[in-house]
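A.B. asks:
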Amino acid sequence: MWLLNSSIGKKLIMSISGIFLILFLLFHMSMNVTAIFSEEAYNWICAFLGSNWYAVAGTLVLAAGVVIHILYSIMLTLQNRKARGNDRYAVNTRPKNVEWASQNMFVLGLVVIGFMVLHFAQFWYKMMFAELMGHHAVDLGGTMVSTTAGAEFIKYYFSQPLIAVLYLVWYVALWFHLTHGFWSAIQTIGWSNAIWLKRWQVISNILATVICLGFAFVTIVFFLKACL
Amino acid sequence: MDKNINITLKVWRQKGPKEKGAFETYQLKDISQGSSFLEMLDILNEQLVNDGKDPVVFDHDCREGICGMCSLYIDGHPHGPDSSITTCQLHMRKFNDGATITVEPWRSAGFPVVRDLMVDRYAYDKIIQAGGFVSVNTGGVPDANAIPIPKKDADLAMDAAACIGCGACAAACKNGSAMLFVSAKVSQLALLPQGRAEAARRAKAMVAKMDELGFGNCTNTRACEAECPKDVSISNIARLNREFVKAKLQD
Ligand code: HEM
Ligand code: SF4
Ligand code: FES
Chain G
77 MWLLNSSIGK KLIMSISGIF LILFLLFHMS MNVTAIFSEE AYNWICAFLG SNWYAVAGTL
137 VLAAGVVIHI LYSIMLTLQN RKARGNDRYA VNTRPKNVEW ASQNMFVLGL VVIGFMVLHF
197 AQFWYKMMFA ELMGHHAVDL GGTMVSTTAG AEFIKYYFSQ PLIAVLYLVW YVALWFHLTH
257 GFWSAIQTIG WSNAIWLKRW QVISNILATV ICLGFAFVTI VFFLKACL
Chain W
59 MDKNINITLK VWRQKGPKEK GAFETYQLKD ISQGSSFLEM LDILNEQLVN DGKDPVVFDH
119 DCREGICGMC SLYIDGHPHG PDSSITTCQL HMRKFNDGAT ITVEPWRSAG FPVVRDLMVD
179 RYAYDKIIQA GGFVSVNTGG VPDANAIPIP KKDADLAMDA AACIGCGACA AACKNGSAML
239 FVSAKVSQLA LLPQGRAEAA RRAKAMVAKM DELGFGNCTN TRACEAECPK DVSISNIARL
299 NREFVKAKLQ D
């Protein structure tokens, strides 16, 4: 099967899974921004997405997307290291036009996944997972909170300076990954040419900035609210 | 004004493909900045031979930027610090008096070192042999205007055909990918009616050979394009991806 065997096929899997994850991030970010305007609406969304089997199925599809993206990133990165050979250059330069992110996608991905584990432990495990286990309330810093009261979780975690900063670092790594990732994915699919390449790069930067600023906005607003 | 400069050269020396290599340092005095980089290496070799030592082995042929034989990774750049030229077109006026210049061979698993600075680039020929041609019946010469070709397509095909197969793309790539070369060779034919007929077969065969030879997977870093002496654009890589996926979906 060419999709699994050829270099371009494997890159296509990387690209499609990456775009799928970007679409999810767009959705997730919009959902979070709601919390700034109305905690009630946000809790309603959490309740809707927590108790619904479609949402659980969606989560499984999403998890498959993440696993595929990571598996192929490992496979491709290992192959690329082998293709490069054991002898390294003594002098290394990065020509202009070559983005730093483009040469560090795997490392950036590792940072993203590291924080993802933290995020899952803090939110998903205590919300959707707890609910699936039949609990309707969990202990959050000494008080019992409903598993669907997403806004309480946000308030609790983002009031802690260290956690807020860690999340901001996460968004920065994600921003770098996406500024290269999006146009690279389009180029891999083949939807690019000399003119569109520049446009896709601009769109990549805008997309990455909108996504990461959206997340950062929520984190910062709730941190400041806690301080006041 | 060109003057004469003194330079220090750090050159990779390696006796054979399996031997361990190392850098050797040489001093050169009174090199005219008007001389080419390869002429400077000729002077070094003369000096080495006169001292009873082995000359440095490096590839070259036309010395006018058209054959693709010269290579060399100079101060961190394939074909040296100047842009849009081959090593044989590089002049010593690009370097200052007292400079230390590091010269390495292409380093990529697809291009094993033969000796010193010479690498085996036969892999690129194998990719061409897999499909980088048009199977023609040699008949009479057709009239030049018999097949009209839009100017835009002709220009794009010519830009891709400028590729001289030097290997700088794979040498520059952190993934050891040959995609810029393969995409240029697929594009130069796919864009023209004469090559279009076999476009699907060609894209599949050349990519399969490229993968089989162990070249890496492109992550669109654009290092190839920045170092290519012929300014081949990565829009060719987008075209190759398109041609390849289209060909596979048609099967
Ligand atoms: C929210 C999570 C993520 C999103 C939205 C995302 C998105 C993307 C996109 C769109 C691409 C471009 C695909 C292409 O060039 O064809 C990409 C490439 C890549 N990603 Fe991710 N990614 C995520 C997480 C990760 C993780 C967790 C890892 C690994 C540990 C990772 C490693 C890579 C690597 C190695 C590439 C290849 C670079 C390239 O081919 O340009 N990513 N990612
Ligand atoms: S694409 Fe450029 S760098 Fe690569 S082989 Fe052709 S001329 Fe050399
Ligand atoms: S020797 Fe022919 S291109 Fe440099």
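As you go down the protein sequences, you meet chains G and W in turn.
According to the numbering used here, the first sequence is numbered sequentially starting from 77.
According to the numbering used here, the second sequence is numbered sequentially starting from 59.
Glycine is no exception: its CB is placed at the ideal position from the N, C-alpha and C atoms.
What is the DSSP secondary structure of residue 172 of chain G, counted as helix, strand or coil?
C.D. replies: Three-state DSSP puts residue 172 of chain G in coil, outside helix and strand.
A.B. asks: If distances are taken between C-alpha atoms only, which option among G:234, G:277, G:264 and G:269 comes closest to residue 255 of chain G?
C.D. replies: Selected option, being the one with the closest Cα: G:277.
A.B. asks: Would you call the segment 204-219 of chain G and the segment 120-132 of chain G touching, i.e. three or more CB-CB distances under 8 Å?
C.D. replies: The segment 204-219 of chain G, when compared against the segment 120-132 of chain G, does touch it at the 8 Å Cβ threshold.
A.B. asks: Which one or two residues does DSSP pair with residue 269 of chain G in a beta bridge?
C.D. replies: None, per the DSSP bridge assignment.
A.B. asks: With respect to the beta strand (DSSP E) encompassing residue 93 of chain W, which residues constitute its N-terminal and C-terminal limits?
C.D. replies: Note, residue 93 of chain W: premise wrong, no beta strand (DSSP E); not H, not E.
A.B. asks: Determine contact between the segment 212-228 of chain W and the segment 274-293 of chain W, defined as no fewer than three beta-carbon pairs at a distance below 8 Å.
C.D. replies: Enough Cβ pairs lie closer than 8 Å, so yes.
A.B. asks: Which residue from G:80, G:116, G:172 and G:99 puts its Cα closest to that of residue 258 of chain G?
C.D. replies: The residue with the shortest Cα to Cα distance from residue 258 of chain G is G:99.
A.B. asks: According to DSSP, which residues form a beta bridge with residue 215 of chain G?
C.D. replies: For residue 215 of chain G, which the question treats as bridged, DSSP gives the partners G:220.
A.B. asks: Pull up the distance between the alpha-carbon of residue 260 of chain G and that of residue 192 of chain G, whole angstroms please.
C.D. replies: Rounded to the nearest angstrom, the two C-alpha atoms are 23 Å apart.
A.B. asks: Check each candidate in W:159, W:141, W:176 and W:242 and name the one with the smallest Cα separation from residue 119 of chain W.
C.D. replies: Taking only the C-alpha atoms, the option nearest residue 119 of chain W is W:176.
A.B. asks: Between the beta-carbon of residue 298 of chain G and the beta-carbon of residue 234 of chain G, is there less than 8 Å?
C.D. replies: Yes, the pair counts as a contact, with Cβ atoms nearer than the cut-off.
A.B. asks: Quick check: what's the CA-CA separation for residue 158 of chain W versus residue 246 of chain W?
C.D. replies: Distance between the alpha carbons of residue 158 of chain W and residue 246 of chain W: 40 Å.
A.B. asks: What is the DSSP secondary structure of residue 108 of chain W, reduced to helix, strand or coil?
C.D. replies: Helix, per DSSP.
A.B. asks: Starting from residue 133 of chain W, find everything on chain G with Cβ-Cβ shorter than 9 Å and list it in chain order.
C.D. replies: Per Cβ cutoff of 9 Å: 167 and 169.
A.B. asks: Can you tell me which of the three DSSP states residue 89 of chain W falls into?
C.D. replies: Residue 89 of chain W: strand per DSSP, three-state reduction.
A.B. asks: Determine whether the beta carbon atoms of residue 196 of chain G and residue 216 of chain G lie at a separation below 8 Å.
C.D. replies: The answer is no: Cβ separation not under 8 Å.
A.B. asks: Going by C-alpha distance, which of W:113, W:149 and W:103 is nearest residue 123 of chain W?
C.D. replies: Nearest C-alpha to residue 123 of chain W: W:149.
A.B. asks: For residue 285 of chain W, does the three-state DSSP call read helix, strand or coil?
C.D. replies: Of the three classes helix, strand and coil, the one that applies to residue 285 of chain W here is helix, per DSSP.
A.B. asks: For a test of your reading of the model: does the CB of residue 185 of chain G fall under 7 Å from any non-hydrogen atom of the ligand HEM? Yes or no.
C.D. replies: Yes, the ligand HEM has a heavy atom inside 7 Å of this Cβ.
A.B. asks: Could you work out which residues of chain G lie near residue 295 of chain W, taking near to mean beta carbons separated by less than 8 Å?
C.D. replies: By Cβ distance, chain G contributes 263.
A.B. asks: Are there any heavy atoms of the ligand FES lying less than 7 Å away from the beta-carbon of residue 123 of chain W, as far as the coordinates show?
C.D. replies: Yes, the beta carbon of residue 123 of chain W sits closer than 7 Å to at least one heavy atom of the ligand FES.
A.B. asks: For chain G, find out if any of its Cβ atoms is closer than 8 Å to the Cβ of residue 232 of chain W; answer yes or no.
C.D. replies: Cβ-Cβ to chain G under 8 Å: yes for residue 232 of chain W.
A.B. asks: If I follow the unbroken beta strand (DSSP E) through residue 63 of chain W, where does it start and stop?
C.D. replies: First-last of the beta strand (DSSP E) with residue 63 of chain W: 62-71.
A.B. asks: DSSP state of residue 84 of chain W, grouped into three classes?
C.D. replies: Strand, per DSSP.
A.B. asks: Does residue 167 of chain G come out as helix, strand or coil in the three-state DSSP assignment?
C.D. replies: Reduced to three states, the DSSP call for residue 167 of chain G is coil.
A.B. asks: Using the Cβ count rule (16 or more neighbours within 10 Å means buried), how would you classify residue 240 of chain W?
C.D. replies: Counting Cβ neighbours within 10 Å, residue 240 of chain W comes out buried, since at least 16 surround it.
A.B. asks: Grab the span of the alpha helix (DSSP H) containing residue 162 of chain W for me, first residue to last.
C.D. replies: Taken as a continuous stretch (DSSP letters only), residue 162 of chain W belongs to no alpha helix (DSSP H), being part of the beta strand (DSSP E) at 158-162.
A.B. asks: Taking the alpha carbon of residue 117 of chain G as the point to measure from, which residue in G:152, G:188 and G:226 has its own alpha carbon closest?
C.D. replies: Nearest C-alpha to residue 117 of chain G: G:226.
A.B. asks: Would you call the segment 231-239 of chain W in contact with the segment 261-275 of chain W, where contact means no fewer than 3 C-beta pairs closer than 8 Å?
C.D. replies: Verdict: yes, contact present.
A.B. asks: Say yes only if the C-beta of residue 115 of chain W is nearer than 7 Å to one or more non-hydrogen atoms of the ligand SF4, and no if none qualify.
C.D. replies: Every heavy atom of the ligand SF4 is 7 Å or more from the Cβ of residue 115 of chain W, so no.
A.B. asks: Please go through the same chain and pick out, in chain order, the residues whose beta-carbon is closer than 8 Å to the beta-carbon of residue 170 of chain W, but skip the five residues on each side of it.
C.D. replies: Taken in chain order, the residues that qualify are 75, 177 and 178.
A.B. asks: Among W:86, W:255 and W:281, which has the Cα closest to the Cα of residue 134 of chain W?
C.D. replies: With distances taken between Cα atoms, residue 134 of chain W lies closest to W:281.
A.B. asks: Shorter than 7 Å, the distance from the beta carbon of residue 247 of chain W to the closest heavy atom of the ligand SF4, or not?
C.D. replies: Checking the Cβ of residue 247 of chain W against the ligand SF4 gives no.
A.B. asks: Residue 143 of chain G: beta carbon under 7 Å from a heavy atom of the ligand HEM?
C.D. replies: Answer for residue 143 of chain G: no, Cβ out of range of the ligand HEM.
A.B. asks: Please go through the same chain and pick out, in chain order, the residues whose beta-carbon is closer than 8 Å to the beta-carbon of residue 251 of chain W, but skip the five residues on each side of it.
C.D. replies: Once the five neighbours on either side are set aside, the close Cβ partners of residue 251 of chain W are 205 and 207.
A.B. asks: Is DSSP giving residue 166 of chain W helix, strand or coil here?
C.D. replies: DSSP places residue 166 of chain W in strand when its eight states are reduced to three.
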